[in-house]
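Since the structure comes first, as structure tokens, the remarks are kept for the end.
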Amino acid sequence: MDGELFPERVAWRPGPVITGHVVRLMEGYSREVRVGQPVLVAVLGTAAVVRVVLALFASMLRAGAGAGARRKWKELRKGPEFLVTPLRLRDGSGVLCEMEIHGHLPQSALEPADHVQVTVRSQKDAGLAPRVERIVNLTTGQLLTPRTPTLWSHLGPALLLQAAVGLLLIGALVAWLALAG
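Mapping of the sequence shown onto my numbering: residues 2 to 182, in sequence order.
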């Protein structure tokens, strides 16, 4: 039979562990991490408190406030992108299984015909193949754990530090008002 005219059916096995041989790593594409608006509003709101305090302090010194390179709301709301690479492997019973690797792996980490043990988890969207959490390459003895960017890595340490200081300032102001009143 012609493989292009009659492609072999691909199964999405729920796992949690699938053992088999790598058939093919398909072309990767990017997917966006969703950013929740309430979390973003809370972080940006508390960070704004610090910016206001710094702007007031700078205006008192007449030094001018150096705003730095601030990212826009739309850019922060968009979320980080990560690489999705579909992986096909043939399990011990001969079934062709497809799953998704989220994040980057070293280029030589998986080769066709490598014997692997893959830990997968179903994704929230039932229309997507299971997500690979861990790969043990039994041929090379490597343990591979793909990592995707998170909301916190997307926002960055500077913005999160500003938000933490802003939260402390708000807490101190509330405590001072409670003691004074």
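For glycine and all other residues, C-beta sits at the position ideal for the given N, C-alpha and C. From a predicted model like this one, the values you see are computed outputs, not experimental measurements.
- Item | Ala-12 versus Trp-74 - alpha carbon distance | 40 Å
- Message: Using a Cβ-Cβ cutoff of less than 6 Å, which residues in the same chain neighbour Ala-66 once the five nearest sequence positions on both sides are dropped?
- Response: Because the pLDDT of Ala-66 is 45, which lies under 50, any placement of that residue in the model is unreliable, and the number read from its coordinates should be weighed accordingly. These residues qualify, in order along the chain: Ala-56, Ala-59.
- Message: Let me confirm a value: Thr-47 is counted as buried when at least 16 other C-beta atoms fall within 10 Å, else exposed. Which label applies?
- Response: buried
- Task: Select from His-116, Thr-141, Pro-113, Glu-101 the residue whose C-alpha is nearest the C-alpha of Leu-126.
- Result: Checking the sequence shown, residue 126 turns out to be Asp, not Leu. If we check each option's Cα against that of Asp-126, Glu-101 comes out closest.
- Task: Check whether the region 162-181 touches the region 140-154, taking contact to mean three or more Cβ pairs, one atom from each stretch, closer than 8 Å.
- Result: no
- Alpha-carbon to alpha-carbon, Gly-93 and Ala-114: 13 Å
- Inspect the CB distances between the region 76-96 and the region 22-32 and report whether three or more fall short of 8 Å. yes
- Message: Rounded to whole angstroms, what is the Cα-Cα separation between Ile-171 and Val-50?
- Response: 8 Å
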